[in-house]
Amino acid sequence: MKKWAPSKWTVGLAVLFALFVLLLGRFAYTNAEINGIVRDIEDRGRTPASGGKTKHVVMISQELDNPFWRTIEKGARDAAEQYNIKLEYSGPYRNNIEEQAELFGKAIAGKPDGILIQGIRSEAYNKQIDKAVEQGIAVLTVDTDSPDSRRLSYVGTDNVESGRQLGELVAKAYEGRSASIGMVIGSYEAGNQQQRLEGFRSVVDAEPNLKIVEVGVSNISRIQATQAAEHMLRSREGINVMVGTSALDALGILQASKSLNKQEQVRIFGFDDLTETREALARKEIEATVIQKPYTMGFRSVEMLNRYFQGETLPGFSFTRIDILNPQNVGTAVAP
């Protein structure tokens, strides 16, 4: 019986198949190696230069679920992910400076690498900031400053300037005509609210036809803004302008004017651009609003901490942009 022997074609195909398998394996190995190098490069780009250890940062808001602060948190979380920083977000369920201070104390006890806080005009709060800094914790103020403390930097709006621009909006709308103004501010204690009021007054006090007749407080609550506005509109018959200096104030004022059937008598000016605020602007129920950049505040504050962790010296202030939103540009303006 004749013994079988492989043909030249069979041998050739076997050699080609072996080469194909070898090349495929080499390609897979090289691809994995390249992916590993890319991951290393990305990790080095995200990780702070100080030893590669993941930094821990705590952000304490003015009010946990306030929409303005949730936008700040979103910016901070995006930056934290980019720079490989562990971010912990907390805050009182309702605006409460004592609870803010208590949360700040707990954060200091936890010895994080950095703390982002809203500044408060309080000597005791300044001492808390100084205590944190003395323990090697980097502290930045966000949205509201505590300039008399040892905080590294402030990130947020130039609040005096924003209040001044709000005053100019009213002055321009009532050029040559009288205006009796009722104001609702977010808080008596928050420095940013006092600064906005200061900037607003600097314009109004220079205009003999403009007069602030009453200032109420909302505690950054829409319900309390409505209550404060209703009180003013009931007790002060001559009010024809109402101004709010925190995110929910103008919406509360609008609700009060509707409930009292005074919508046609009162022109409303506000702050920030929540979705409902934009909708009210589009319907021409609110005249104009000064808008901040809360997302930028959050992102930049974490970005600046990362720079500090890498050994950079930070500027004392980092002001974020402010813009004016009105019925004419609300459809094209980009949300913060």
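Just so you know, the sequence shown maps onto residues 1 to 336 in the UniProt record's numbering.
Beta carbons: idealized from backbone N, C-alpha and C, even for Gly.
Considering only C-alpha positions, which residue in the set the options is nearest to residue i?
i      : options                       : result
Glu237 : Val213, Val217, Ser259        : Val213
Ile108 : Ala138, Asn209, Glu123, Glu98 : Ala138
Leu248 : Val241, Met232, Phe271        : Phe271
Met59  : Val241, Phe299, Glu189        : Phe299
Gly216 : Met183, Leu166, Arg177        : Met183
Ser221 : Arg77, Asn96, Ile181          : Asn96
Arg151 : Ile120, Asn66, Gly167         : Ile120
Val57  : Ala206, Arg70, Leu140         : Leu140
Quick test of your reading: residue i and residue j, contact by CB under 8 Å. State the CB separation rounded to the nearest angstrom.
i      : j      : result
Gly91  : Gln128 : In fact, because the Cβ distance is near 16 Å, the residues do not count as touching under 8 Å.
Gln193 : Gly186 : 5 Å
Ser218 : Gly252 : 6 Å
Ser257 : Leu233 : 7 Å
Ile72  : Pro294 : 5 Å
Ordered along the chain, which non-local residues of its own chain (more than five positions away) have a Cβ less than 6 Å from that of residue i?
i      : result
Asp148 : Asn126
Phe319 : Asp158
Ala171 : Val203, Glu207
Excluding five sequence neighbours on each side, which residues of the same chain lie with their C-beta closer than 8 Å to the C-beta of residue i?
i      : result
Asn306 : Pro48, Lys55, Ala79, Tyr83, Ile85
Asp43  : Residue confidence is low: Asp43 scores 44 on pLDDT, short of 50, so the model does not pin down where it sits. Its coordinate-derived value is still stated next. Here the set comprises Asn84.
Could you please give the first and the last residue of the uninterrupted alpha helix (DSSP H) stretch that includes residue i?
i           : result
Ala228      : 222-235
Glu102      : 97-109
Thr277      : 275-282
residue 395 : The shown model of the chain, from 1 to 336, leaves out residue 395, and the question about it has no answer.
Gly191      : 191-204
Asp249      : 249-259
Ser180      : Per DSSP, Ser180 belongs to no alpha helix (DSSP H); it is in the beta strand (DSSP E), 179-185.
Gly163      : 159-173
For residue i, which residues does DSSP report across the bridge?
i      : result
Lys86  : His56
Tyr154 : Thr141, Phe317
Ile117 : Ile60, Thr141
Cutting at 7 Å between CB atoms, please list the residues of its own chain near residue i, excluding the five before and the five after it.
i      : result
Ala32  : Note that Ala32 scores 45 on pLDDT, short of 50, meaning its location in the model is unreliable and no value can be drawn from it.
Ala288 : Leu169, Phe269, Ile324, Leu325, Asn326
Val160 : Gln195, Glu198, Gly199
Would you give the residue range spanned by the beta strand (DSSP E) that residue i belongs to?
i      : result
Thr289 : 288-291
Ile268 : 267-271
Quick check: is the beta carbon of residue i nearer than 9 Å to any beta carbon in chain D?
i      : result
Lys293 : The chain inventory of the structure shown lacks chain D, comprising one protein chain alone.
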